[in-house]
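Chemist: According to the working numbering, the sequence shown is numbered sequentially starting from 241.
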Amino acid sequence: MTITPFDPVVLPAACLTTTWLPVAARSEGGAWSLPLAALRGSSDGPCLVVLAGVHGDEYEGVEAIARLCTELDPAALRGTLLMVPICNPPAYAAAQRNSAVDGLNLARVFPGNPDGTLTERIAHVLTTQVIRHADLVVDLHSGGVAYDLPTLVGYLHDEGEMGRRSLAAARAFGAPVLWGHPLPIPAGRSISAAQELGIPWLYTEASGGGYARPADVACYARGVVNLLRHLGMLDGAPDAPAPAHHLVGDGNLDTVIDAPVGGYFRAAVALLDDVDAGQPLGHLYDPFGARLATVSAPCPGVVILLRRVHRVHAGEGLVHLTQRMR
Ligand SMILES: [Zn+2]
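1) Does the beta-carbon of A355 have 16 or more other beta-carbons within 10 angstroms, so that it is buried, or is it exposed?
2) Near T242, which residues of its chain fall below 6 Å by C-beta distance, leaving aside the five closest residues on each side in sequence?
3) For A363, which residues of its own chain have a beta-carbon under 7 Å away from its beta-carbon, when the five flanking residues on both sides are left out?
4) Output the distance between the C-alpha atoms of A484 and G269, rounded to the nearest integer angstrom.
5) How would you label S382, buried or exposed, when you count the other beta carbons within 10 angstroms and need 16 or more for buried?
6) Could you tell me which whole alpha helix (DSSP H) segments of length 4 or greater appear in the segment 308 to 356?
7) Under the three-state reduction of DSSP, which class applies to S273: helix, strand or coil?
8) Return yes when the C-beta of G518 is under 8 Å from any heavy atom of ligand 1, and no when it is not.
9) Excluding sequence positions up to five away, which residues of its chain have a Cβ less than 7 Å from the Cβ of Y460?
10) Going by other Cβ atoms of all chains shown within 10 Å of its Cβ, with 16 needed for buried, is N492 buried or exposed?
11) So, is T258 buried or exposed, given that buried needs 16 or more other C-beta atoms within 10 angstroms?
12) Are the CB atoms of G450 and A335 nearer to each other than 9 Å?
13) Can the beta-carbon of Y387 be found closer than 9 Å to that of L418?
14) Using the Cβ count rule (16 or more neighbours within 10 Å means buried), how would you classify C539?
15) Taking DSSP as the reference, what is the three-state secondary structure of Y299?
16) How about the segment 510 to 517 and the segment 452 to 467: do they share at least three Cβ pairs that are nearer than 8 Å?
17) Can you list, in chain order, the residues of its chain whose CB lies under 7 Å from that of R266, leaving out five sequence neighbours each side?
18) Measuring only from the beta carbon, is E298 closer than 8 Å to any heavy atom that is part of ligand 2?
19) What number of angstroms, rounded off, separates the C-alpha of L521 from the C-alpha of A533?
20) Leaving out five residues on either side along the sequence, give the residues of the same chain with a beta carbon under 8 Å from the beta carbon of G285.
21) How many whole angstroms separate the CB atoms of L288 and L407, which I take to be in contact at a CB cut-off of 8 Å?
22) Per DSSP, H486 forms a beta bridge with which residues?
23) Using CA atoms only, rank isn't needed, just tell me which of A480, L437, A254, L276 is closest to F246.
24) Looking at the structure shown, is R551 part of a helix, part of a strand, or coil, going by DSSP?
25) Residue range of the beta strand (DSSP E) that H364 falls in?
26) Give the C-beta separation of V535 and L546 to the nearest angstrom, bearing in mind that I take them to be a contact with Cβ-Cβ under 8 Å.
27) Give me the Cα-Cα distance between A433 and V290, rounded to the nearest whole angstrom.
28) Between F413, G438, A415, which lies nearest to I425 when the distance is taken from Cα to Cα?
29) Just the Cα atoms here: how many angstroms apart are G541 and R566?
30) From L251, C255, R307, pick the residue whose C-alpha is nearest to that of V457; which is it?
31) Determine the direct distance from the alpha carbon of R404 to that of D398, and round the result to whole angstroms.
32) Among D490, F413, L376, V249, which has the Cα closest to the Cα of G420?
33) In the DSSP assignment, find the unbroken beta strand (DSSP E) run with L468 in it and report its ends.
34) Should V263 and L358 be called a contact, given that it needs their Cβ atoms to be closer than 9 Å?
35) State the DSSP-derived secondary structure class of T368, mapped to helix, strand or coil.
As structure tokens, this is what we get:
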């Protein structure tokens with residue numbers, strides 16, 4: 241089978257094209273492929289790339305893209321909108337964060353490897369056939385089954401041109417929380433692949449829990465329309481309320497405060513609470529209610545992530561703190 245790399249120049253004008261990007265042969269026959277919704281407008285313009293389902297248990301972006309496919313009018317569009325609603329089909333099929341085929345986290349293997357495992361090949365196809373064409377990338381995530389986060393848009397906090405464009409796009413998106421991340425962006429993410437290619441990026445988070453709240457789906461779908469307006473791809477100004485919170489800090493959720501012992505976790509704080517150094521963030525209990533450990537704040541901060549699944553193993557992440565923008 242000869243695989244011809246996807247290029248948006250082949251798309252018909254003023255039309256929604258839905259197709260599948262081949263990735264790799266399946267061991268049981270057939271092929272793994274990625275769903276792609278491509279809207280080419282009636283005239284030339286920028287290219288916006290929207291990704292969802294990088295983690296297979298996060299549904300807000302999946303539903304938002306499906307809604308946009310039915311609601312957007314390609315004839316009213318300038319430029320090209322490329323949307324991949326399910327970036328990680330083997331994880332989505334299993335309703336879990338990581339791939340059920342090779343166990344890898346797609347958000348840790350970008351820009352991928354054409355000769356690697358399935359997850360690495362998916363990242364390579366996304367990087368070379370989708371992200372590469374973008375003037376702006378937005379990757380729609382949420383807390384998935386295990387974590388809870390406020391509805392937020394994350395952007396590059398930097399003085400340079402990339403940071404300026406990322407912040408402007410984040411404000412246009414219109415999420416209630418803005419979260420800026422200074423360089424370096426941790427490797428392996430879709431957004432670090434975009435950063436390497438010199439493409440401004442955003443990502444989003446929301447509550448998750450294996451369920452897409454209608455308000456979060458609406459926020460994500462409206463946010464993409466706002467980005468189309470911000471980029472001049474649709475007429476009109478973004479409908480973006482001012483954010484209620486503007487935060488800044490390390491967005492690497494691999495480095496959250498973790499559990500010193502296994503047990504039943506009960507948080508003692510809520511999302512977006514301001515906490516002092518030493519303040520208890522939560523407690524771990526044994527099955528008879530005895531307190532095994534208390535997790536305390538190592539520094540003052542704002543609660544940006546909380547463990548949702550009560551049962552925790554030692555070393556699993558519980559809480560992440562960040563800072564308010566000064
Ligand atoms: Zn995610």
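From the three backbone atoms N, C-alpha and C, an ideal C-beta is built for every residue, glycine too.
Modeler: Looking at the coordinates:
1) Taking the first residue of the sequence shown as 1, we reach residue 355 at position 115. Correcting the residue type first, residue 355 is Asp in the shown sequence and not Ala. Classification for D355: exposed.
2) For the purposes of this step, residue 242 is taken as residue 2 along the sequence shown, with counting starting at 1. Here T242 scores only 44 on pLDDT, less than 50, and its place in the model is too uncertain to base an answer on.
3) Along the sequence shown, read from residue 1 onward, the residue named residue 363 stands at position 123. So the qualifying residues of the chain are L346, V349, F350, P351, G352.
4) Within the sequence shown, residue 484 is the residue found at index 244, counting from 1. Within the sequence shown, residue 269 is the residue found at index 29, counting from 1. Between A484 and G269, the C-alpha separation is close to 50 Å.
5) Taking the sequence shown and counting its residues from 1, one reaches residue 382 at position 142. With 16 or more other Cβ atoms within 10 Å, it is buried.
6) 329 to 333
7) If you number the sequence shown from 1, residue 273 lands on position 33. S273: strand per DSSP, three-state reduction.
8) Counting from one through the sequence shown, the residue named residue 518 turns up at place 278. Outside the cutoff, so no.
9) Indexing the sequence shown from 1 puts residue 460 at position 220. E300, G301, A304, L380, T444, listed in sequence order.
10) Counted from its first residue, the sequence shown places residue 492 at position 252. The residue in question, N492, is exposed, as its Cβ has fewer than 16 Cβ neighbours within 10 Å.
11) Taking the first residue of the sequence shown as 1, we reach residue 258 at position 18. With fewer than 16 other Cβ atoms within 10 Å, it is exposed.
12) Taking the first residue of the sequence shown as position 1, residue 450 is located at position 210. Taking the first residue of the sequence shown as position 1, residue 335 is located at position 95. Taking 9 Å as the Cβ cut-off, G450 and A335 qualify as a contacting pair.
13) Counted from its first residue, the sequence shown places residue 387 at position 147. Counted from its first residue, the sequence shown places residue 418 at position 178. Not a contact, by the Cβ cut-off of 9 Å.
14) Against the sequence shown, residue 539 aligns to sequence position 299. Result: exposed.
15) On the sequence shown, residue 299 is found 59 positions in, with the first residue counted as 1. Y299 falls in the coil class under three-state DSSP.
16) no
17) Position 26 of the sequence shown, counted from the first residue, corresponds to residue 266. The residues are W272.
18) With respect to small molecules bound, the structure shown includes ligand 1 and not ligand 2.
19) On the sequence shown, residue 521 is found 281 positions in, with the first residue counted as 1. On the sequence shown, residue 533 is found 293 positions in, with the first residue counted as 1. The alpha-carbon atoms of L521 and A533 are separated by roughly 11 Å.
20) Taking the first residue of the sequence shown as position 1, residue 285 is located at position 45. Cβ neighbours of G285 beyond the five flanking positions: L317, R318, G319, T320, L471, G472, M473.
21) In the sequence shown, the residue the question calls residue 288 occupies position 48. In the sequence shown, the residue the question calls residue 407 occupies position 167. Going by Cβ atoms, the distance from L288 to L407 rounds to 17 Å, so no, they are not a contact pair.
22) The residue given as residue 486 occupies position 246 in the sequence shown. Paired residues: L418.
23) Here the question's residue 246 lines up with position 6 in the sequence shown. It is L276 whose Cα lies nearest to the Cα of F246.
24) Your numbering for residue 551 matches position 311 in the sequence shown. In the structure shown, R551 sits in a strand (DSSP, three-state: E or B).
25) Locating residue 364 in the sequence shown gives position 124, where the first residue counts as 1. Note, H364: premise wrong, no beta strand (DSSP E); alpha helix (DSSP H) at 358 to 365.
26) If you number the sequence shown from 1, residue 535 lands on position 295. If you number the sequence shown from 1, residue 546 lands on position 306. Not quite, the Cβ-Cβ distance comes to about 11 Å (not below 8 Å), so this is no contact.
27) The residue given as residue 433 occupies position 193 in the sequence shown. The residue given as residue 290 occupies position 50 in the sequence shown. Their backbone Cα atoms lie some 14 Å apart in a straight line.
28) If you number the sequence shown from 1, residue 425 lands on position 185. The shortest C-alpha separation from I425 is found at G438.
29) One-based indexing of the sequence shown puts residue 541 at position 301. One-based indexing of the sequence shown puts residue 566 at position 326. Distance between the alpha carbons of G541 and R566: 12 Å.
30) Start at 1 with the first residue of the sequence shown, and residue 457 comes out as number 217. It is R307.
31) For the purposes of this step, residue 398 is taken as the residue at position 158 of the sequence shown. For the purposes of this step, residue 404 is taken as the residue at position 164 of the sequence shown. C-alpha separation (whole angstroms): 7 Å.
32) On the sequence shown, position 180 is the one that residue 420 refers to. Nearest option by C-alpha distance: D490.
33) Sequence index remark: in the sequence shown, residue 468 carries index 228 (1-based). That residue, L468, is in no beta strand (DSSP E); its alpha helix (DSSP H) goes 454 to 470.
34) Locating residue 263 in the sequence shown gives position 23, where the first residue counts as 1. Locating residue 358 in the sequence shown gives position 118, where the first residue counts as 1. Yes, the pair counts as a contact, with Cβ atoms nearer than the cut-off.
35) Residue 368 sits at position 128 when you count from the first residue of the sequence shown. Looking at T368 - three-state DSSP - the assignment turns out to be helix.
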